[in-house]
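All you need for the numbering used here is the position in the sequence shown, starting with 1, plus 47.
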Amino acid sequence: MESLVPITGGCFCGSVTYQVNGLLRNAKSCHCSDCRKAFNAQASAAAFVEHQEFEWRTGSEHLTTYVGSHGYGVQFCKICGSTLCTVYKDRVLQLTLGCVNGEPDIGTLQHIFVGSKAHWEVMPEGISQFDEWPLEGG
Ligand SMILES: [Zn+2]
Ligand SMILES: [Zn+2]
48 MESLVPITGG CFCGSVTYQV NGLLRNAKSC HCSDCRKAFN AQASAAAFVE
98 HQEFEWRTGS EHLTTYVGSH GYGVQFCKIC GSTLCTVYKD RVLQLTLGCV
148 NGEPDIGTLQ HIFVGSKAHW EVMPEGISQF DEWPLEGG
């Protein structure tokens with residue numbers, strides 16, 4: 048039986064918070080050079096959310112959006128710098144897993160674009176990994 052408690056999350060300083068009235072799906076960690084810069088880390092870690100099931104609870108006036116060359120953007124808290132989500136055409140697309148509260152079930156995290164990871168990153172054994180984007184059903 049699924050938990051009826053909604054998934055919540057927020058930024059490092061606590062100003063911006065959100066709630067998901069549904070599930071997080073298709074969790075991905077992307078190791079490409081764009082994601083390394085956008086997410087200030089060796090990789091991104093984010094899961095897809097249905098935009099109709101997502102709502103900002105507090106502090107959305109503190110969000111700033113940066114849209115990159117492909118039309119995909121990130122939204123971050125301008126007070127503390129936490130990147131909360133990715134956006135596409137002004138809709139929330141994915142939530143960054145680092146800002147999700149607690150330990151909701153997100154399924155298996157797939158590591159993608161491992162073929163272009165930083166040379167200094169060593170991938171652990173036994174994880175779900177792909178050189179690029181995984182093929183449907185693959
Ligand atoms: Zn913040
Ligand atoms: Zn990427």
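Every residue gets a Cβ at the ideal spot worked out from N, C-alpha and C, and that includes glycine.
If you look at residue 85, you'll find it in the alpha helix (DSSP H) that goes 80–85. Cβ-Cβ distances below 6 angstroms link residue 83 to nothing in the same chain once the five nearest sequence neighbours on each side are left out. DSSP assignment within the segment 99–134 yields the following whole beta strand (DSSP E) runs of 3 residues or more, N-terminal first: 101–105, 110–114 and 119–124. Within the DSSP secondary-structure output, residue 165 pairs in no beta bridge. In this structure, residue 117 has its beta carbon at no less than 8 angstroms from each heavy atom of ligand 2. Here DSSP, grouped into helix, strand and coil, assigns residue 145 to helix.
Residue pairing by DSSP places residue 66 opposite 55 and 102 in a beta bridge.
Under the Cβ criterion (8 angstroms, minimum of three pairs), the segment 60–76 counts as touching the segment 88–102.
Separation of residue 149 and residue 169 (C-alpha to C-alpha, rounded to the nearest whole angstrom) is 27 angstroms.
Judged by the Cβ position, residue 77 qualifies as a neighbour of ligand 2 at the 8 angstroms threshold, a heavy atom of the ligand being closer than this. From the listed residues 79, 70 and 111, the smallest Cα separation to residue 151 is found for 70. Taking C-alpha positions only, residue 180 is separated from residue 51 by approximately 32 angstroms. With respect to residue 62, residue 124 sits close: the two C-beta atoms are nearer than 9 angstroms. Annotation: residue 122 to residue 111 spans about 6 angstroms, alpha carbon to alpha carbon.
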